[in-house]
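Protein chains in written order, with the UniProt record's numbering: chain A, 1 to 87; chain B, 1 to 189.
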């Protein structure tokens, strides 16, 4: 079961959720509108922002992604709580 | 392959323990027009659909798994503190007898998920129309559950999911047009 998580966890996570939502929306839009130059530019910009936000989050709260898409501390902290349904 | 990301697509909060709402919500977990059906339907159709819409089916199918996780989180949070008596009073007595508080791929009536909920016709237009209908049915189901729910936090997340169905339907409709255009341009030459 998850321990209490600091307020900042929720704030930083929400920023990531907002940016990643923009990316999901743009991705689906571009799937059917592959020639929209402005949308592709936005997609690439938000992709950069998402990476920066996640790097910052992971330094405080551990890896967001498994299988090597995020770095690990010692000891291996991928399995640490909280999992998404525990917060 | 897929990568797991340790976050929900959209935050899920519930105001209070409410196993009755969980019973309704399970429709979107293991029901005919639920998120499991959606994810498996689209990802399965990818292999035989024309190249131009494989990306869309992959992406929407993947997003459906994120929605499945949101529904699971709602059900988990609504039932985790429920007593056996509360589960029974909410119509989940039979569920409790077989699964305790574990989630199970079943519909609101308790019938287990079945592959007969999804089709794969092999005809791209037929498959995409199936997908559009599925999204509209899921949108309607979300509305019916919102109508039954008096939990404002939960309804916020449910409205997000309802809106996603509308976008998915729109994108599938665009995919139909893309394929029709491709088909018509082939006829000319």
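Using N, Cα and C, we set each Cβ at its ideal position, and we do this for glycine too.
This one's a predicted model, so the numbers in the text were calculated from it and none came from an experiment.
At a CB-CB cut-off below 7 Å, which residues of chain B make contact with residue i?
i	result
residue 67 of chain A	3
residue 24 of chain A	63
residue 6 of chain A	Chain B residues near residue 6 of chain A: none, gap ~16 Å exceeds 7 Å.
By Cβ distance below 8 Å, which residues in the same chain neighbour residue i in space, the five residues on each side in sequence not counted?
i	result
residue 121 of chain B	127, 130
residue 26 of chain A	39, 42, 43, 46
residue 8 of chain A	60
residue 56 of chain B	171, 172, 175
residue 9 of chain B	63, 66, 67, 69, 70
residue 12 of chain A	53, 56, 57, 60, 61
For residue i, which three-state DSSP category applies?
i	result
residue 181 of chain B	helix
residue 84 of chain B	helix
residue 84 of chain A	helix
residue 90 of chain A	Lying outside 1 to 87, the shown extent of chain A, residue 90 of chain A is not represented and no answer is given.
residue 52 of chain A	helix
residue 112 of chain B	strand
residue 5 of chain B	strand
residue 25 of chain A	helix
residue 43 of chain A	helix
residue 186 of chain B	helix
residue 18 of chain B	coil
residue 119 of chain B	coil
residue 159 of chain B	helix
residue 168 of chain B	helix
residue 100 of chain B	coil
residue 29 of chain B	helix
residue 38 of chain B	helix
residue 24 of chain B	helix
residue 131 of chain B	helix
residue 195 of chain B	Examination of residue 195 of chain B is not possible in this model, given that chain B is present from 1 through 189 alone.
residue 49 of chain B	coil
residue 12 of chain B	coil
residue 44 of chain B	helix
residue 92 of chain B	coil
residue 144 of chain B	helix
residue 37 of chain A	helix
residue 59 of chain A	helix
Can you find the residues in the same chain that come closer than 7 Å, C-beta to C-beta, to residue i, ignoring five residues on each side of it along the sequence?
i	result
residue 71 of chain B	25, 28, 29, 35
residue 81 of chain B	17
residue 125 of chain B	176, 179
residue 14 of chain B	74, 77, 78, 151, 153, 154
Anything in chain B within Cβ reach of residue i, meaning under 9 Å, just list it in chain order.
i	result
residue 81 of chain A	Those do not exist, as residue 81 of chain A stays about 10 Å from chain B at its closest Cβ, beyond 9 Å.
residue 17 of chain A	7, 8, 9, 10, 11
residue 75 of chain A	By Cβ distance, chain B contributes nothing, its closest Cβ being about 17 Å from residue 75 of chain A, past 9 Å.
Residue i touches chain B at which residues, Cβ-Cβ below 8 Å?
i	result
residue 14 of chain A	11
residue 64 of chain A	5, 6, 7
Kindly list, in the order they appear in chain A, the residues whose Cβ is closer than 8 Å to that of residue i.
i	result
residue 56 of chain B	28, 31, 32
Can you name the residues that DSSP bridges to residue i?
i	result
residue 63 of chain B	DSSP lists no partner for residue 63 of chain B.
residue 106 of chain B	B:112
Ignore the nearest five residues each way along the sequence and tell me which others in residue i's own chain have a CB closer than 6 Å to its CB.
i	result
residue 90 of chain B	19, 20, 23
residue 65 of chain B	39
residue 101 of chain B	79
residue 156 of chain B	none
residue 62 of chain A	77, 80
residue 135 of chain B	165, 168, 169
residue 97 of chain B	none
residue 31 of chain B	107
residue 138 of chain B	33, 165
Residues of chain A with a CB under 7 Å from the CB of residue i: which are they?
i	result
residue 118 of chain B	Residues of chain A passing the Cβ test: none, with the nearest at roughly 21 Å.
Under 9 Å Cβ-Cβ, which residues of chain A neighbour residue i?
i	result
residue 60 of chain B	28, 31
residue 69 of chain B	84, 85
Following a CB-centred definition, is residue i positioned closer than 8 Å to any heavy atom of the ligand FAD?
i	result
residue 17 of chain B	Ligands displayed in this structure: none; no statement on the ligand FAD is therefore possible.
Beta-carbon of residue i versus every beta-carbon of chain D: anything under 9 Å?
i	result
residue 43 of chain A	Given the protein chain composition of this structure (A and B), no chain D is represented.
*Closer than 8 Å, Cβ to Cβ, to anything on chain A: give me those residues from the region 71 to 101 of chain B, in chain order.*
72, 73, 76, 77
*Using a Cβ cut-off of 8 Å, which residues of the region 141 to 164 of chain B contact any Cβ in chain A, in chain order?*
Hits within the stretch: zero.
*For the region 163 to 184 of chain B, which residues have a CB atom closer than 7 Å to at least one CB atom of chain A, in sequence order?*
167, 171, 174, 175, 178
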